[in-house]
Amino acid sequence: MDSVVSFAGWMPAGLQNAAETGTSVRAVIFEDDIAIWRGQDGLARAWQNRCPHRGMRLSYGIVRENRLTCLYHGWTYDGTGGCAHIPAHPDLVPPKSIRAKAYGCVETGGMIWVARSESSEPPPQISGTWMPCRTMQVNRSLTGLAEVLGTGKANLALAMGAWAGQLRVAGLQGAVLLAVQPMGARGAMLHACVTGPEDLTRASDWIESLRGHLERPIAA
Ligand code: FES
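For reference, each letter of the sequence shown is one residue, going 167 to 386 in my numbering.
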């Protein structure tokens with residue numbers, strides 16, 4: 167399954183609250199290394215996690231107002247990805263060709279979703295109000311996940327197909343929105359949102375038990 171499934175369309179990249187205002191975080195989806203950052207304008211942006219200068223990860227960068235400054239030599243990029251300032255050449259107007267590579271980035275369902283710039287798929291629209299609950303890393307490849315999910319957790323097979331789906335979980339008042347962020351051989355991240363604060367604790371416990379289920383040994 168890993169060999170044929172790859173980055174396509176819109177993919178979940180984290181819970182909304184993973185990228186707080188004024189911060190930059192890293193997200194890996196298959197082989198794509200992505201920096202997600204949020205400026206003072208509240209917008210989440212997703213860029214290739216590689217500074218156009220010498221390749222430093224932009225997820226280590228410093229966010230001020232609506233700009234991201236690379237940690238290494240201080241090149242600063244505006245909110246569109248264009249280079250706005252090079253400290254070693256303060257009087258230079260940076261060429262327009264110096265740009266961070268941007269992904270599409272939207273927020274819906276309490277999560278951040280990204281798409282490669284060439285994608286023509288419309289962004290996902292998840293109805294309802296969803297509250298970020300918990301993210302967990304699962305130490306199992308997509309192939310392994312598919313095998314386990316196919317043996318007794320039938321509802322989750324639906325979630326895998328679309329990278330996200332709603333589930334009913336015993337003991338919770340509302341539904342759980344579960345998204346799978348595949349990271350290739352590095353496993354996957356599971357992101358869970360709930361419909362209200364009354365379910366936060368139980369849903370958090372549930373996703374932890376789900377991880378145990380997903381990581382259990384597969385019978386030969
Ligand atoms: S590597 Fe980013 S400014 Fe040099």
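Beta carbons: idealized from backbone N, C-alpha and C, even for Gly. Note that this is a predicted model, so its numbers are computed, not measured.
- For Tyr238, DSSP records no beta bridge to any residue.
- Here DSSP, grouped into helix, strand and coil, assigns Ile384 to coil.
- Distances from the CA of Pro253 to each of Ala184, Gly247, Tyr238 were compared; the closest alpha carbon is that of Tyr238.
- Sixteen is the threshold: since fewer than 16 other Cβ atoms of the shown chains lie within 10 Å of the Cβ of Asn183, the residue is exposed.
- His255 and Ala341 have their alpha carbons spaced roughly 54 Å apart.
- Secondary structure at His219: coil, using DSSP grouped into helix, strand and coil.
- In terms of side-chain proximity, the C-beta atom of Trp213 is found no nearer than 7 Å to any non-hydrogen atom of ligand 1.
- Ligand 1 has a heavy atom closer than 7 Å to the beta-carbon of Arg220.
- Relative to the Cα of Lys262, the nearest Cα in the group Gly275, Asp244, Thr274, Glu273 belongs to Asp244.
- Straight through space, the alpha carbons of Gly175 and Trp241 are spaced by roughly 30 Å.
- Taking C-beta separations shorter than 8 Å and ignoring five residues to either side along the sequence, the partners of Thr274 in its chain run Pro289, Pro290, Gln291, Ile292, following chain order.
- Between the alpha carbons of Ala281 and Thr361 lies a distance of about 25 Å.
- Under the Cβ criterion (8 Å, minimum of three pairs), the segment 218-232 counts as touching the segment 189-208.
- Between the alpha carbons of Met297 and Pro363 lies a distance of about 8 Å.
- Taken through DSSP and simplified to helix, strand or coil, Gly248 comes out as strand.
- Not one heavy atom of ligand 1 falls within 7 Å of the beta-carbon of Cys249.
- Cys359 has Pro298, Leu343 as its beta-bridge partners, per DSSP.
- Linking Leu209 to Cys236 through their CA atoms gives a straight-line distance of about 19 Å.
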